[in-house]
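J.: Residue 54 in numbering that gives the first Met the number 0 is what sits at position 55 of the sequence shown, and the numbering runs on without skipping anything.
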Amino acid sequence: MTSNLESLIDAEALHARVVELGAAITRDYAGKDVVLIGVLKGCILFLADLIRAIDLPISVDFLGLSSYAGTTQSTGVVRITSDLTRPIDGKHVLVVEDIVDTGLTMLYLLENLQTRNPKSIKICSLLYKPENNKIPIGIEYLGFEIPNKFVVGYGLDIDERYRNLPYLAEWKGSGAEE
Ligand code: IMP
Ligand code: MG
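(1) Tell me whether THR179 sits in a helix, a strand or coil according to DSSP, three-state version.
(2) In angstroms with no decimal places, state the Cα-to-Cα distance between TYR107 and VAL77.
(3) Less than 7 Å separating the Cβ of THR17 from some heavy atom of ligand 1?
(4) If I measure Cβ to Cβ from ASP156 and keep anything under 6 Å in the same chain, skipping five residues before and after, which residues do I get?
(5) Give a yes or no on whether the C-beta atoms belonging to VAL151 and VAL95 are separated by under 8 Å.
(6) So ILE36 and LEU64 are supposed to be a Cβ contact under 8 Å. How far apart are they, rounded?
(7) Say the cut is 7 Å; is the CB of THR101 nearer than that to a heavy atom of ligand 1?
(8) Check this for me: beta carbons of TYR166 and GLU144, under 8 Å apart or not?
(9) Looking at the structure shown, is GLU139 part of a helix, part of a strand, or coil, going by DSSP?
(10) Leaving out the 5 sequence neighbours to the left and right, which residues in its chain are closer than 7 Å to GLU164 when beta-carbon positions are compared?
(11) Would the beta-carbon of LEU4 be found less than 7 Å away from any heavy atom of ligand 1?
(12) If ILE53 sits next to ILE24, beta carbons under 8 Å apart, how far is it from one beta carbon to the other, in whole angstroms?
(13) Considering only the alpha carbon of each residue, which of VAL17, ILE134 and VAL92 lies closest to LEU46?
(14) Identify every run of the alpha helix (DSSP H) within the segment 99-152, keeping only runs that are complete inside it and at least 4 residues long; order them along the chain.
(15) For LEU26, which of helix, strand or coil comes out of DSSP?
(16) Kindly give me the distance between the Cβ atoms of VAL34 and LYS90, rounded to whole angstroms, as I take these residues to be in contact under 8 Å.
(17) Looking at HIS148: is its Cβ nearer than 8 Å to the Cβ of GLY102?
(18) Measure from the alpha carbon of GLU19 to the alpha carbon of each residue in TYR140, GLY41 and ASP82, then state which is nearest.
In structure tokens:
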């Protein structure tokens with residue numbers, strides 16, 4: 000692999016934390032009809048591991064959002080690239096995100112989902128970068144707080160690359176790789 004990557008959270012630490020989050024969700028949502036909404040594409044590995052750590056009859060849906068276009072800076076411009084397959088009215092919704100950075104993407108998403116009349120909405124994010132946050136958003140289930148560095152791996156990408164790294168790494172390069 001390239002020297003532009005420096006390991007930040009290894010696979011064992013990710014797994015251990017995800018198991019803890021799954022146990023907390025299992026406890027809190029017992030007896031409730033909960034749908035986990037994964038935000039594509041960054042959620043893929045986190046969601047796949049998280050749902051295996053939840054011991055409840057959950058359902059899963061996906062929402063495709065795009066906020067960055069091949070850069071490491073938030074533009075604040077969010078676009079729905081694919082929508083949910085089922086209505087969420089009357090359901091307990093748990094949004095599963097890879098990372099909350101400025102919070103702009105999550106604000107947009109919460110406002111959008113709220114109009115669909117769910118019974119409740121909570122957020123589960125693997126990562127949070129407090130230093131860069133512009134919109135304070137309550138993250139009920141948080142994996143890790145990380146410094147204001149651009150990270151890749153475990154689902155997160157730079158210009159669609161490195162999602163398949165089994166660990167989380169800091170991206171030390173300038174922009175997307177050639
Ligand atoms: P926000 O709107 O600034 O909170 O950005 C949220 C979205 O930007 C996340 O869902 C990610 O898709 C992307 N993002 C933010 N920081 C990183 C990072 O360090 N690596 C990869 N993607 C990131
Ligand atoms: Mg994302």
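Every residue, glycine too, gets a C-beta built ideally from N, C-alpha and C.
All values derive from a computational prediction rather than experimental measurement.
T.: With the structure as the only source:
(1) Lying before the first or after the last residue shown, residue 179 is absent from the chain, which here runs from 0 to 177.
(2) Residue numbering aside, residue 107 sits at position 108 when the sequence shown is read from its first letter. Residue numbering aside, residue 77 sits at position 78 when the sequence shown is read from its first letter. Cα to Cα, TYR107 sits roughly 7 Å from VAL77.
(3) Your numbering for residue 17 matches position 18 in the sequence shown. Looking at the sequence shown, residue 17 is not Thr but Val. False, no ligand heavy atom lies under 7 Å from that Cβ.
(4) Here the question's residue 156 lines up with position 157 in the sequence shown. So the list reads ARG162, once near-sequence residues are dropped.
(5) Within the sequence shown, the letter at position 152 stands for residue 151. Within the sequence shown, the letter at position 96 stands for residue 95. It is not a contact, given that the beta carbons lie outside the stated cut-off.
(6) For the purposes of this step, residue 36 is taken as the residue at position 37 of the sequence shown. For the purposes of this step, residue 64 is taken as the residue at position 65 of the sequence shown. Between LEU64 and ILE36 the Cβ distance is about 11 Å, and since that is not below 8 Å, they are no contact.
(7) Locating residue 101 in the sequence shown gives position 102, counting from the first residue. Because some heavy atom of ligand 1 lies under 7 Å away, the Cβ of THR101 counts as near it: yes.
(8) Reading the sequence shown from its first residue, position 167 is the one you call residue 166. Reading the sequence shown from its first residue, position 145 is the one you call residue 144. Taking 8 Å as the Cβ cut-off, TYR166 and GLU144 do not qualify as a contacting pair.
(9) Position 140 of the sequence shown, counted from the first residue, corresponds to residue 139. Of the three classes helix, strand and coil, the one that applies to GLU139 here is coil, per DSSP.
(10) Here residue 164 refers to the residue found at position 165 when the sequence shown is read from its first residue. Note that residue 164 is Leu in the sequence shown here, rather than Glu. If we look at LEU164 and ignore the five residues flanking it on each side, its Cβ neighbours are VAL151, GLY152 and TYR153.
(11) Position 5 of the sequence shown holds residue 4. False, no ligand heavy atom lies under 7 Å from that Cβ.
(12) The residue given as residue 53 occupies position 54 in the sequence shown. The residue given as residue 24 occupies position 25 in the sequence shown. Correct: roughly 5 Å between the Cβ atoms.
(13) Within the sequence shown, the letter at position 47 stands for residue 46. When only C-alpha atoms are compared, the closest one is VAL17.
(14) 103-113
(15) One-based indexing of the sequence shown puts residue 26 at position 27. Before going further, note that residue 26 is Arg rather than Leu in the sequence given. Three-state DSSP puts ARG26 in a helix.
(16) The residue given as residue 34 occupies position 35 in the sequence shown. The residue given as residue 90 occupies position 91 in the sequence shown. At roughly 5 Å, the Cβ-Cβ gap stays under 8 Å, so VAL34 and LYS90 are in contact.
(17) If you number the sequence shown from 1, residue 148 lands on position 149. If you number the sequence shown from 1, residue 102 lands on position 103. Checking the displayed sequence, the identity of residue 148 turns out to be Lys instead of His. The answer is no: Cβ separation not under 8 Å.
(18) Counting from 1 along the sequence shown, the entry for residue 19 is found at position 20. It is TYR140 whose Cα lies nearest to the Cα of GLU19.
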